[in-house]
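A.B. asks:
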Amino acid sequence: MSVKTLRQAPGPDPVRADTARILRHALTPQDARAALNHARRCLGSYGSVSAPRFLADARMLASGLPLAVRELMDAARLDDRKHAVMITGNVVADGELGPTPAHWREADTEDSRVYGMLLALYATLLGDIVGWATQQAGRLIADVLPTPGDEDKILNSCSSRELVWHTEDAFSPYRAEYVGLSCLRSPDATPTTLSSVRPGLVPQWARDVLRQPRFEILPDNAHSGPDGPGPSAGSSTASPQAFDRLDRLRREPPAVALLDGAPDAPVLRIDRDFVRAREGDAEAAEALAWLVAHLDANLYDLPMRVGDVCFIDNRTSVHGRRPFRARYDGTDRWLKRVNAVCDLRRSRPARSCADDRVIG
Ligand SMILES: O=C(O)CCC(=O)C(=O)O
Ligand SMILES: [Fe+2]
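According to UniProt numbering, the sequence shown is numbered sequentially starting from 1.
(1) Roughly how many whole angstroms lie between the Cα atoms of R81 and R348?
(2) If I312 and A133 are in contact, beta carbons under 8 Å, what's the gap, nearest whole angstrom?
(3) Beta-carbon distances below 5 Å to any heavy atom of ligand 1 define the shell here; list its residues in chain order, please.
(4) Buried or exposed, going by whether 16 or more other CB atoms sit within 10 Å of the CB of D128?
(5) Ordered along the chain, which non-local residues of its own chain (more than five positions away) have a Cβ less than 6 Å from that of V85?
(6) Would the beta-carbon of G89 fall within 8 Å of that of L27?
(7) Can you check whether the CB of T331 is closer than 8 Å to the CB of residue 362?
(8) Can you say whether C342 is buried or exposed, counting buried as having 16 or more other CB atoms within 10 angstroms of its CB?
(9) Smallest Cα separation from A56: which of V130, P263 and L97?
(10) Assuming L163 and G320 form a contact by the criterion Cβ under 8 Å, report the distance between their Cβ atoms to the nearest whole angstrom.
(11) Taking all protein chains shown into account, decide if C158 is buried (16 or more other Cβ within 10 angstroms of its Cβ) or exposed.
(12) Is H166 near ligand 2, in the sense that its beta carbon is under 7 Å from a heavy atom of that ligand?
(13) Note down, in chain order, each residue of its chain lying with its Cβ closer than 6 Å to the Cβ of S195, except the 5 sequence neighbours on either side.
(14) Tell me the residue span of the alpha helix (DSSP H) that contains V292.
(15) Can you tell me which of the three DSSP states A84 falls into?
(16) Could you spell out where the alpha helix (DSSP H) holding C310 opens and where it closes?
(17) Alpha carbon to alpha carbon, how far is P146 from P99?
(18) Can you list the beta strand (DSSP E) stretches of 3 or more residues lying completely in the region 142-195, in chain order?
(19) Taking only the alpha-carbon atoms, compute the straight-line gap between E168 and Q135 and give it to the nearest angstrom.
(20) Please confirm whether any heavy atom of ligand 2 lies closer than 7 Å to the CB of H103.
(21) For the alpha helix (DSSP H) containing A75, name the first residue and the last one.
(22) What's the C-alpha gap between A255 and A354?
(23) Could you pull out every residue in the same chain whose Cβ sits closer than 7 Å to the Cβ of L119, ignoring the five residues on either side in sequence?
(24) Locate the beta strand (DSSP E) running through D128, then write down its first and last residues.
(25) Say whether chain E places a C-beta atom closer than 8 Å to the C-beta of P240.
(26) Kindly indicate which three-state DSSP category S236 falls into: helix, strand or coil?
(27) So is the beta-carbon of H319 under 7 Å away from any non-hydrogen atom of ligand 3?
(28) Does any heavy atom of ligand 2 sit closer than 7 Å to the C-beta of V49?
(29) Since I believe A284 is in contact with F215 (beta carbons under 8 Å), could you give me their beta-carbon distance rounded to a whole number of angstroms?
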């Protein structure tokens, strides 16, 4: 539909009318139980999502997920305008899940591991899972939960501050195509947020500039931590070279474009807190200001409830999270998170060998 047609259409605001492009499937209770049991069996046989044997078999194992989910993910894979794909109605046995930990380091608990396994299996229907050496100790399944002292920081462990919209790992050419989130707990049903570019509404002048490498995106704090780059900030396993590389990217960020892809299915790369126009480029600064305002205006809530599993398309959409009040009493919001890439080979220069899934 052309912009003109959209503008003339009566009814809802045309800018918002097709804002939320979410593909969804509500599991039947039988499928939900079957999926979790399958994950439980995989965990029993392989021990962990990072076991090389599991990673080698993951695609075959994912074919054991319910047919309706596989159909949804197949359709999602081929949809280049979707913002996210959601599987609702997953079983979360709250009574068997221990208290929400206060730090990601303590969050790979025995009770919660099966949900990470299920998330990894779902993710494998879209791609191959990867982690980052400089983030949460290179874990393939990360945890999103509020941490005392981080309330106001630019980290996913913040709470009173809004987690501002971003492309996941926007600074890196190896960023994943999908960010998967599985909601284990959320007492206030705190929404994740999404925004995207409305192709028909991008002025030609801005599109031309945004498609050129006239911008810089710095590594976000999740790759370093509050004390700046260094092993103390997030990882005990990352090599010093991985932190050196991050340091270099912070000092000399390469020039990148913020928009790419087909004009009617744009690929976006931006992090509101870590992007800037190159020094002295007023036109790039103006185009960036336009894009930021556009994404701000299109931001919408995606409620994440217990049992929701959501895969955000990291090409079409930016995401963030609304603020909430952390209680630190064991009942706080808790999500498992995973990255999935469509072409594992592309990140091989940053991985030590073919079966290493950790980008360093
Ligand atoms: O907490 C959320 O809903 C989103 C978290 C997020 O964006 C992240 O962990 O990168
Ligand atoms: Fe994120």
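Beta carbons: idealized from backbone N, C-alpha and C, even for Gly.
C.D. replies: The answer reads as follows:
(1) 27 Å
(2) So it is not a contact: roughly 22 Å between Cβ atoms.
(3) V144, N156, T192 and R321
(4) buried
(5) L23, A76 and F311
(6) yes
(7) Nothing can be reported for residue 362, as the shown portion of the chain is limited to 1 through 360.
(8) exposed
(9) V130
(10) 5 Å
(11) buried
(12) yes
(13) So the list reads W165, L295, N298, L299 and V318, once near-sequence residues are dropped.
(14) Residues A282 to N298.
(15) strand
(16) Taken as a continuous stretch (DSSP letters only), C310 belongs to no alpha helix (DSSP H), being part of the beta strand (DSSP E) at V309 to D313.
(17) 13 Å
(18) 142-144, 163-166 and 178-185
(19) 12 Å
(20) no
(21) Element bounds for A75: L67 to R77.
(22) 29 Å
(23) I141, G180, S182, V309, K336 and V338
(24) D128 to W132
(25) As a matter of chain content, chain E is missing from the structure shown, which is built from one protein chain.
(26) Only weak support is given to the placement of S236: the predicted model assigns it a pLDDT of 48, under 50, and the value that follows is read from those uncertain coordinates. Coil, per DSSP.
(27) Because ligand 3 does not appear in the structure shown, any question about it cannot be addressed here, the ligands present being ligand 1 and ligand 2.
(28) no
(29) 6 Å
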